[in-house]
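Its first residue numbered 1, the sequence shown is counted upward by one per residue in full-length UniProt numbering.
Glycine included, C-beta positions come from ideal geometry on N, C-alpha and C.
Here is the structure we will look at, set down as structure tokens.
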Amino acid sequence: MEMPFRIRTSKFRHVYGNPAKKEECYENVKITKSTHDSNFCAVNPKFLCVVPDTGGGGSFICLPLKQTGRVEFSVPRVCGHSGAVLDIKWSPFSDNIIASSSEDSTVKIWQIPDNLNKNLSEWQVDLHGHHRRVGYIEWHPTAENIILSAGFDHKCILWNVEQAEPISVISEHPDSIYSISWNTDGSLFCTTCKDKQIRVLDPRTTSVAMEGQGHDGNRSSKSVFVDNNRIFTCGMTRTSGRELAVWDIRNFNNSLFKSTIDTSNGILLPYYDRDNRVMYLAGKGDSNIRYYEIDDQSNCFFLNAFMSSFPQRSLGMMPKRGCDTSRCEVSSQFHSDIYPNTASMLPSLTVDEWICTDGHVTNCPKTTSSTAIQNQQNDIIHQAPTITTYKTVNKQGMPTRANTIDVPRRTDKRPASLQNLKRLSTNEDYVSYSAVSEFTENHTNKNGMTNGHKEEKKVTKKGWSPVSPTKDTMTNGFTGSEPELQKAYFQQSEEIKSLKEQVKLKDKRIRQLEDELKILRTPSDCGPGQSDC
């Protein structure tokens with residue numbers, strides 16, 4: 001007996017994409033021509049950041065999201081890297097903090113002002129630890145001020161941004177790393193490597209938790225966590241066919257799903273919407289974006305594809321916080337099934353809490369949901385998606401945390417990440433302490449009278465470097481570490497640029513005066529007995 005024909009039930013069977021209107025686009029932005037397969041674009045509800053094509057050094061531009069239209073060539077840039085910028089990522093807990101990695105082997109954290117009207121060359125944090133260029137960075141999804149970086153020195157480093165020091169250094173890869181991705185609660189992260197292996201690593205123990213054979217092709221492959229137990233990958237077959245697959249990290253022997261898409265040389269980049277379980281696949285140089293829905297049985301169902309006549313170079317995914325929930329094809333009202341609970345800007349843990357907590361920190365049970373934000377504009381109520389806040393940190397004006405985590409008290413006053421350096425340090429890694437004298441002015445005496453006496457106070461400052469410490473060298477009158485010298489270099493570059501402009505204007509004025517003198521000295525063609533005037 002033949003089975004009756006059934007149509008699969010899905011909320012996204014008719015999903016499609018519309019290109020933005022011309023007045024909503026950003027024109028005259030020259031994207032970088034780098035062949036590196038990472039994101040050269042990042043977006044959040046405030047800014048759009050793009051890595052442009054530059055002649056020397058590394059920089060990127062941050063445009064306010066509402067500032068559409070033609071972008072001037074003299075737009076302010078964020079410049080501080082001595083090498084080309086390879087990856088940029090916005091912090092999930094602040095719309096003004098962005099991280100960048102570069103060919104100069106560093107990761108920098110920037111504070112972007114709301115009104116950026118000049119070049120920004122002063123970074124907030126400068127992270128040195130990789131010996132080769134840093135290709136990929138990823139913020140921790142639940143803990144604040146933790147970022148993961150992967151370099152071409154075959155190392156992954158987990159950083160404490162607050163203290164500008166490493167939490168752990170993972171050296172489990174024999175070759176180049178192609179991608180990094182956190183799972184939902186941030187307890188594990190997965191990587192793909194040039195040796196065609198998919199690895200799931202524990203950032204606390206710095207060891208490989210699971211490992212399995214990935215795609216057979218020699219080209220780059222990408223991976224992203226679907227949930228805490230499943231990984232989605234896209235790569236190449238031996239015959240240069242592009243394929244996608246879903247894996248169970250508990251059993252890498254066989255894939256749960258595998259399918260070949262087409263035959264092309266372009267590398268596919270996955271962008272996953274965890275709220276709706278929709279995967280977007282886009283390739284550099286392609287002119288289409290494919291949509292797939294992943295169900296509970298790990299099947300990937302093709303939904304639709306966005307076609308364009310222009311090839312794409314870089315892509316950025318807007319957080320659900322920045323989506324306009326009123327733009328729907330059937331209604332202007334809010335739909336809870338299309339916009340379910342999403343991650344908020346409130347972190348679940350601080351850096352020290354994450355480091356001190358043993359075992360996995362779950363981010364899914366016993367959630368506290370905030371009410372939907374409503375903005376009344378033009379007598380129409382636009383309702384944003386409900387934002388889920390998990391076990392948030394107690395801050396002024398914020399709700400108390402549910403099920404607070406018991407963090408053991410430490411007798412050592414140093415940060416927990418600095419204590420971890422004892423087991424991280426090798427022959428090449430050093431932690432240095434330096435005593436610095438600070439003077440504090442005492443304004444009161446025993447009788448309650450004020451005086452101007454200054455007391456000397458000893459303060460111990462720490463620093464971490466991947467090489468043995470050396471004495472600060474003097475360069476052009478500056479003494480200090482490499483970050484200080486780089487800041488001084490970029491400041492001097494701006495001063496030199498302005499001085500050159502002044503010199504050009506003065507040269508132009510000198511030429512004008514010389515021309516006027518020549519005209520005055522030239523004898524006029526006057527007849528005999530006539531005046532030269």
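Item	Value
Please check the pair arginine 238 and aspartate 216, which I expect to be a contact at CB under 8 Å, by giving their CB distance rounded to whole angstroms.	5 Å
Starting from tryptophan 159 and walking both ways along the beta strand (DSSP E), at which residues does that stretch end?	156 to 160
So the candidates are Pro166, Ile231, Lys196; which of them puts its Cα closest to the Cα of residue 534?	What is shown of the chain runs 1 to 533, which leaves residue 534 out entirely.
Could you name the residues of the same chain whose beta carbon sits closer than 6 Å to that of glycine 212, not counting the 5 residues immediately before and after it, in chain order?	Ile198, Phe252
Tell me the DSSP bridge mates of methionine 307?	Asn288
Please report the residue range of the alpha helix (DSSP H) in which aspartate 216 lies.	From DSSP, aspartate 216 is part of no alpha helix (DSSP H); its letter is neither H nor E.
In terms of residue numbering, what span does the alpha helix (DSSP H) encompassing valine 351 cover?	351 to 356
Check for me: the beta strand (DSSP E) holding glutamate 138 runs from which residue to which?	134 to 139
With burial defined as no fewer than 16 other Cβ atoms inside 10 Å of the residue's Cβ, what is the status of glutamate 438: buried or exposed?	The predicted model places glutamate 438 with a pLDDT of 47, which falls under 50 and marks its position as unreliable; any figure quoted below should be read in that light. By the 10 Å Cβ count, glutamate 438 comes out exposed.
Between the alpha carbons of threonine 106 and glycine 80, how many angstroms are there, rounded?	10 Å
Under a three-way DSSP split, which group does glutamine 502 fall into?	helix
Looking at the strands, I want to know which residues DSSP matches up with asparagine 251.	Asp248
Measure the alpha-carbon distance for aspartate 225 versus threonine 184 and round it to whole angstroms.	A quick correction: the sequence has phenylalanine, not aspartate, at residue 225. Looking at the two C-alpha atoms, the distance is approximately 7 Å.
Output needed for aspartate 262: all residues of its chain with C-beta closer than 8 Å, excluding positions within five of it in sequence on either side, in chain order.	Gly241, Arg242
Measuring straight from C-alpha to C-alpha, what distance separates arginine 204 and lysine 504?	58 Å
Going straight from the alpha carbon of lysine 118 to that of phenylalanine 334, what length do you get?	39 Å
Starting from lysine 108, follow its DSSP beta bridges and name the residues at the other end.	Ser100, Asp126
Within 10 angstroms of its Cβ, does threonine 475 collect 16 or more other Cβ (buried), or is it exposed?	No answer about threonine 475 holds up, because its pLDDT of 42 lies below 50 and its placement is not dependable.
Decide yes or no for the touch test of the region 148 to 162 against the region 125 to 135: beta carbon pairs closer than 8 Å, at least 3 of them.	yes
For aspartate 202, which residues in the same chain have their Cβ closer than 7 Å to its Cβ, ignoring the five residues on either side in sequence?	Leu188, Ala209
Once DSSP output is grouped into helix, strand and coil, what is the label at aspartate 515?	helix
In chain order, which alpha helix (DSSP H) runs of at least 4 residues are fully inside the UniProt domain "DUF1899" (6 to 69)?	none
Which of helix, strand or coil does DSSP assign to phenylalanine 93?	coil
Applying the criterion that 16 or more other CB atoms from any shown protein chain within 10 Å of the CB defines a buried residue, is glycine 477 buried or exposed?	Low per-residue confidence applies at glycine 477: pLDDT is 47, beneath 50, and the placement is therefore not dependable enough to give any value.
So leucine 281 is in the beta strand (DSSP E); what residue range does that whole segment cover?	278 to 283
Just to check my reading of the structure: isoleucine 61 and serine 101 have Cβ atoms closer than 8 Å, yes? What is that Cβ distance to the nearest angstrom?	Not quite, the Cβ-Cβ distance comes to about 17 Å (not below 8 Å), so this is no contact.
Quick one, which of Ser59, Leu65, Gly69, Lys11 has its alpha-carbon nearest asparagine 28's?	Gly69
Under a Cβ-count criterion, where at least 16 other Cβ atoms within 10 Å of its own Cβ denotes burial, should tyrosine 339 be classed as buried or exposed?	buried
Report all residues from its chain with a CB closer than 6 Å to the CB of serine 255; omit the five preceding and five following residues, and keep chain order.	Ala245, Trp247
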